[in-house]
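Asks:
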Amino acid sequence: MSYWKTSAGASCSLCVHSLRALLAFSLCCFISGNSERDRAHDLLSRYPLIDGHNDLALRLRIHYNNQLSKINLTQLTRVATDISRLRAGHVQAQMFSVYVLCGAQHMDAVRLTLEQIDVIRRICTEYPDFELVTSTQELRDSLTRDKIACLIGIEGGHSIDSSLPALRMFYQLGVRSMSLTHSCNTPWAESSTNYYKVFVRPNNSLTTFGKAVVDEMNRLGMIVDLSHTSFETASAVLNHSKAPVIFSHSSSYKICNNSRNVPDWLLHKLKVNRGLIMVNFYTPFISCQNEANVSHLADHFDHIKAVIGAKSIGIGGDFDGGIRFPVGLEDVSKYPVIIQELLKRKWTEEELADVLRNNFLRVFDEVEKVRNELSWKKPSEEEIPQTEVANKCRMELKQPILRELLSNQSPSLKSKGQNLLFLALALLFNSFLD
């Protein structure tokens, strides 16, 4: 009987000891978790995020036909982005994407692009939380005023309709970045995807005119964006550009072998260029599956850092562009979650400060420095050959032939004997123009 009591007492003592140890461990984990969460928010408060890609403007067209009078961007439930959640996610600057569907190429892409620029300019001037910025100095100044800085980036070179004057006019409207393609080839650059069977050119991923586009963007001080371009086009641009470039929303091909991601050999070229890869959060590009979590996303950061270092990394969430995001990272308020995970993985505060904003500021600074060095250059007058653009909707800027003018006249006009008068007037008109 005494043996039983002794054994039972020892067992109870052991249980109590184990319970205390378990509670202590749980408390440590809880405190550690809180500590990392607090560290993440503290870090973001001191180095608020500059995010490279957001498709809010696209959702405003889809859901509201760009009618801002019908919505309140402070709180908006049908999208992943609003002012309240940008503030909660410590987003201090956002590159808003101007995107029009590839089906608009050779049709009304320029008009649609102008409309999307208009809606971004409106939200960034009508809401006092926002501020439209067009330079690194304005970007830095906006932080001191506690504003969410708005940068404008065109997504897809089809938006300029193969026209350098159109590119320059977009710059005048505040555009500071352009990706050379989206999911369709342009007449001068190649896409990472083949959804649209247009402008298929073997071994010609960046044409002579494509190089002229890159040159003009360098001269203007517009950031060249390689997200959505093919590996070959990205490589050609990295060889040609005088300024650093970005992948505004792409991840690691080694971790997820999707053509929208960047292979290691291109990452090495990007480092030589002093450019930036801004990691995309879209689930299919993160896990190559329909589901992902924060650990999957952090693996991309870890791998890219191992290959080219933290000074070549940024964040381009792609919110409101994709429809599936990692669990716990569903909208722009959740950026602290990935920072907390990277802190757990022993990323230093200096590395994370670079990823959050310093790297983008450096790239933008260097793009503007190249612009200043090229200030002696006149605007390019390079034109794409009509045979390359192959657009039947383009008007040829030459004097019309009299026969064509006549063919456009109505039968009634001809029957009334007025052709001779018309011919004389047309001949006189042409003589003045000559």
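So the number in my numbering is just where the residue sits in the sequence shown, counting from 1, plus 5.
A virtual CB, placed ideally from N, CA and C, is assigned to each residue, including glycine.
#1: By the 10 Å Cβ neighbour count, where 16 or more other Cβ atoms means buried, how is Trp193 classified, buried or exposed?
#2: Going along the chain, which residues of its own chain have a beta-carbon closer than 7 angstroms to the beta-carbon of Phe290, five neighbours each way excluded?
#3: I'd like to confirm the pairing. Which residues does DSSP put opposite Ala194 in its beta bridges?
#4: Which one or two residues does DSSP pair with Thr79 in a beta bridge?
#5: Verify whether the separation of the beta carbon atoms of Met174 and Gly158 is less than 8 angstroms.
#6: What are the partner residues of Asn59, as DSSP defines its beta bridges?
#7: Our contact map puts Ser385 next to Asp220 with C-beta atoms below 8 angstroms; I'd like the distance itself, whole angstroms only.
#8: Less than 8 angstroms separating the beta-carbons of Gly215 and Ile251?
#9: Compute the Euclidean distance between the alpha carbons of Phe30 and Thr353, then round it to the nearest angstrom.
#10: Taking 7 angstroms as the limit between beta carbons, can you name the residues of its chain near Asp87, skipping five residues before and five after?
#11: Which whole-angstrom value is the C-beta distance of Cys101 and Cys189, which I expect to be below 8 angstroms?
#12: Curious, which full-length alpha helix (DSSP H) runs of at least 4 residues does the segment 225-301 contain?
#13: So, are the CB atoms of Pro268 and Lys274 less than 8 angstroms apart?
#14: Using the DSSP secondary-structure output, state which residues sit across from Cys155 in a beta bridge.
#15: Give the DSSP-derived three-state secondary structure of Ile5 in the structure shown.
#16: Buried or exposed: where does Arg462 fall if 16 or more other Cβ atoms within 10 Å of its Cβ makes it buried?
#17: So which of Ala358, Arg224 and Lys397 has the shortest CA-CA distance to Pro53?
#18: Less than 8 angstroms separating the beta-carbons of His46 and Pro341?
#19: Below 8 angstroms between beta carbons: does that hold for Leu334 and Phe369?
#20: Leaving out the 5 sequence neighbours to the left and right, which residues in its chain are closer than 6 angstroms to Gln99 when beta-carbon positions are compared?
#21: Under a three-way DSSP split, which group does Ser74 fall into?
#22: Give the C-beta separation of Glu387 and Ala217 to the nearest angstrom, bearing in mind that I take them to be a contact with Cβ-Cβ under 8 angstroms.
#23: Taking all protein chains shown into account, decide if Asn364 is buried (16 or more other Cβ within 10 angstroms of its Cβ) or exposed.
#24: If you draw a straight line from the alpha carbon of Lys471 to that of Ser210, how long is it in whole angstroms?
#25: His187: which of Glu356, Arg64 and Ile165 sits nearest, CA to CA?
#26: Quick one, which of His163, Ala93, Ala85 and Ser74 has its alpha-carbon nearest Arg116's?
#27: Select from Lys383, Lys310 and Val205 the residue whose C-alpha is nearest the C-alpha of Ile318.
Replies: Result, derived from the coordinates:
#1: Residue 193 sits at position 188 when you count from the first residue of the sequence shown. So Trp193 counts as buried.
#2: As a position in the sequence shown, residue 290 is number 285, starting the count at 1. Excluding residues within five positions, the ones whose Cβ falls inside 7 angstroms are Ser256, Cys261, Asn263, Arg265 and Asn266.
#3: Within the sequence shown, the letter at position 189 stands for residue 194. In DSSP, Ala194 forms a bridge with Leu211.
#4: What you label residue 79 is simply residue 74 of the sequence shown in a count that begins at 1. DSSP output for Thr79 lists no bridge partner at all.
#5: The residue given as residue 174 occupies position 169 in the sequence shown. The residue given as residue 158 occupies position 153 in the sequence shown. It is not a contact, given that the beta carbons lie outside the stated cut-off.
#6: By one-based count along the sequence shown, residue 59 stands at place 54. Answer is Phe101 and Phe324.
#7: Reading the sequence shown from its first residue, position 380 is the one you call residue 385. Reading the sequence shown from its first residue, position 215 is the one you call residue 220. Right, the Cβ-Cβ distance comes to about 6 angstroms (below 8 angstroms), so this counts as a contact.
#8: Indexing the sequence shown from 1 puts residue 215 at position 210. Indexing the sequence shown from 1 puts residue 251 at position 246. No, these two residues do not count as a Cβ contact at 8 angstroms.
#9: Taking the first residue of the sequence shown as 1, we reach residue 30 at position 25. Taking the first residue of the sequence shown as 1, we reach residue 353 at position 348. Low local confidence applies: a pLDDT of 43 at Phe30 is under 50, so the model's placement there is unreliable, with the coordinate-based value given in what follows. So the alpha carbons of these two residues sit roughly 25 angstroms apart.
#10: Counted from its first residue, the sequence shown places residue 87 at position 82. Taken in chain order, the residues that qualify are Leu78, Thr79, Gln80 and Leu81.
#11: The residue you call residue 101 lines up with position 96 of the sequence shown. The residue you call residue 189 lines up with position 184 of the sequence shown. It should be noted that the sequence gives Phe, not Cys, for residue 101. Contact flag wrong, Cβ pair sits at about 21 angstroms.
#12: 236-245, 269-278 and 288-291
#13: On the sequence shown, residue 268 is found 263 positions in, with the first residue counted as 1. On the sequence shown, residue 274 is found 269 positions in, with the first residue counted as 1. Not closer than 8 angstroms, so no.
#14: If you number the sequence shown from 1, residue 155 lands on position 150. Answer is Gln99 and Leu137.
#15: The structure shown does not extend to residue 5, since the chain is modelled only from 6 to 439, so the question has no answer here.
#16: Because the chain spans 6 through 439 in this model, residue 462 falls outside it and cannot be assessed.
#17: On the sequence shown, position 48 is the one that residue 53 refers to. Answer by Cα proximity: Ala358.
#18: Translated into the one-based positions of the sequence shown, residue 46 becomes position 41. Translated into the one-based positions of the sequence shown, residue 341 becomes position 336. Yes, they are a contact pair.
#19: As a position in the sequence shown, residue 334 is number 329, starting the count at 1. As a position in the sequence shown, residue 369 is number 364, starting the count at 1. No, these two residues do not count as a Cβ contact at 8 angstroms.
#20: The residue you call residue 99 lines up with position 94 of the sequence shown. Answer for Gln99: Asp56 and Asn59, listed in chain order.
#21: As a working note, residue 74 is residue 69 in the sequence shown. It is helical.
#22: Against the sequence shown, residue 387 aligns to sequence position 382. Against the sequence shown, residue 217 aligns to sequence position 212. The Cβ separation is near 4 angstroms, so the contact holds.
#23: Here residue 364 is taken as the residue at index 359 of the sequence shown, counted from 1. Under this definition Asn364 is a buried residue.
#24: What the structure shows of the chain is the stretch from 6 to 439, and residue 471 is not part of that stretch, so it cannot be assessed.
#25: Mapped onto the sequence shown, residue 187 falls at position 182. The option with the nearest alpha carbon to His187 is Ile165.
#26: Translated into the one-based positions of the sequence shown, residue 116 becomes position 111. It is His163.
#27: By one-based count along the sequence shown, residue 318 stands at place 313. Out of Lys383, Lys310 and Val205, Lys310 has the C-alpha closest to the C-alpha of Ile318.
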